[in-house]
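In this note's numbering, the protein residues as written are 524 to 879. Remarks on the structure that follows.
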Amino acid sequence: MNRGFWSNLPRPVIGLSPMDGVSDAAFRAITERYGRPDILFTEFTAVEAIARGKTKVMEALITKPSSSPTVAQIFGTEVQSYYSSALAIAEMGFAGIDINMGCPAKNIQQRGAGAGLIRTPKLAQKIVRTVQKAMQDRADGITMEQAGVHPDVIGFVSWYRTRFGATPLEGVLPVSVKTRIGFDVPAVESWIPALLEVAPVNITLHGRTLKQMYTGMADWDEIAKAAEIVHASGSGITLLGNGDVQSRDDALERVATYKVDGVLIGRASFGNPWLFAGREPTPRERILVALEHTRTFMELTPEAHFLSMRKHLAWYCKGFPNAADFRLKFVRANSEEEVKNIAAEAMEMLAQGTHT
Ligand SMILES: Cc1cc2nc3c(=O)[nH]c(=O)nc-3n(C[C@H](O)[C@H](O)[C@H](O)COP(=O)(O)O)c2cc1C
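What follows is the structure, encoded as structure tokens:
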């Protein structure tokens, strides 16, 4: 099996989970800089929208040229849209393509996408095979035009490559899957073998069913069961566990206990890019990085609404006594200039030690 960059990853793998509305270009750039996760995933992106030339959705894929492998995540149900979208995305310089089979949002799973695919394993298999074929055809020389990629998307890819200096990788890009342990009840004994039949290079498993959404705790015993099935297959496929991992030490402990090849961490990384490095930042660092994050946001995605920056700023405000006051100020900020002023005030307070 050609595992692409996956075969060069350190073990265990500790990576940043894909998070819609959170893991945008700036968040990933900052997380990479201060945490150096082994792998990063983009927010999920709708293949149907890309197939119809709606390039706006492709802004979620913007990635600062990075040294850690970044994987583009896609979702949808239309097989042909997967083919052309995956082929176009591969031309943006990603290390791999990941297929979302875990999103529980009603508007997505009810039309059979995201975790909805757990209910239609035949379609899920067809989608994996299609994306694998797109990657093979691309390596064999098929062009975006020949693959029927929308002209606006071809234009976006070309703009993107110039703007960010992105170089597409040669060869067959690896295709992976991220999913959940089941639809309404855990079903790893049937769902994981169905995925293994089409050999994605990696399966990331969130230890909740779709029905659980984000409630309760992730079931790591089900994840361990899935890891055993994957390893027993002798296929070379890897399995990353996911759900409720709080720190680097917690990640290492779970790898040892549940025998997974690594973990992806999502929510614990909010406002905490240092988590992947296992380091606790000082209050001063938190403020300085909040400001740097804002600058990076403006540099990489100047067209994006500033609103989406605010939650990140709030998340940095913890671990010092007046944090709640500054959180309130940051969530009202409308520009880099305003963030700069609030950060200056916070730095002054910290320098004077008047925060007691
Ligand atoms: C705000 C938010 C957005 C998410 N978006 C995605 C997504 O786009 N693709 C995906 O596969 N999972 C998505 N997830 C799920 C996470 O990747 C992860 O599986 C889940 O949060 C459990 O891991 P954690 O406990 O470490 O956060 C999202 C989760 C959150 C909280």
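Backbone N, C-alpha and C fix where the C-beta goes; we use that ideal spot for every residue, glycine too. All values reported here derive from a predicted model rather than from experimental measurement.
Closer than 7 angstroms: residue i CB and nearest ligand 1 heavy atom
i, result
"Phe567", "yes"
"Gln735", "no"
"Arg777", "no"
"Asn623", "yes"
"Arg771", "no"
"Ser540", "yes"
"Asn765", "yes"
"Gln596", "yes"
"Ile631", "no"
"Arg790", "yes"
"Val474", "Past the boundaries of the shown model lies residue 474; the chain is included only from 524 to 879, so the question cannot be answered."
"Lys782", "no"
"Val488", "The shown model of the chain, from 524 to 879, leaves out residue 488, and the question about it has no answer."
"Val545", "yes"
Nonlocal neighbours in the same chain, by C-beta distance under 6 angstroms from residue i, ignoring five residues either side
i, result
"Arg652", "Val721"
"Val695", "Asn525, Met658, Gln659, Ala662"
Buried or exposed (CB count within 10 angstroms, at least 16 for buried), residue i
i, result
"Trp714", "buried"
"Gln655", "buried"
"Thr586", "buried"
"Ser530", "exposed"
"His828", "exposed"
"Asp767", "buried"
"Gln735", "buried"
"Arg686", "exposed"
"Ala847", "exposed"
"Thr761", "buried"
"Leu763", "buried"
"Thr732", "buried"
Beta-carbon proximity list for residue i, same chain, < 7 angstroms, skipping 5 on both sides
i, result
"His878", "With a pLDDT of only 49 at His878, under the threshold of 50, the placement of this residue in the model should not be trusted, and no figure is reported."
"Leu503", "With the chain covering 524 to 879 only, the question about residue 503 has no answer from this structure."
"Glu571", "Gly599, Glu601, Ser604"
"Phe567", "Pro541, Asp543, Gln596, Ile597, Phe598, Asn623, Cys626"
Other residues of its chain near residue i: CB distance less than 8 angstroms, five sequence neighbours each side excluded
i, result
"Arg771", "Ile537, Leu798, Phe799, Ala800, Gly801"
"Glu751", "Lys782"
Per-residue DSSP class, three states only, for residue i
i, result
"Asp707", "coil"
"Met658", "helix"
"Ile631", "helix"
"Lys863", "helix"
"His729", "strand"
"Met821", "helix"
"Met615", "coil"
"Asn531", "helix"
"Leu692", "coil"
"Glu745", "helix"
"Val680", "helix"
Presumed contact (8 angstroms Cβ cut-off) between residue i and residue j, rounded CB distance
i, j, result
"Pro674", "Gln596", "In fact, because the Cβ distance is near 24 angstroms, the residues do not count as touching under 8 angstroms."
"Thr593", "Arg642", "Not a contact, Cβ separation roughly 30 angstroms."
"Ala636", "Thr600", "5 angstroms"
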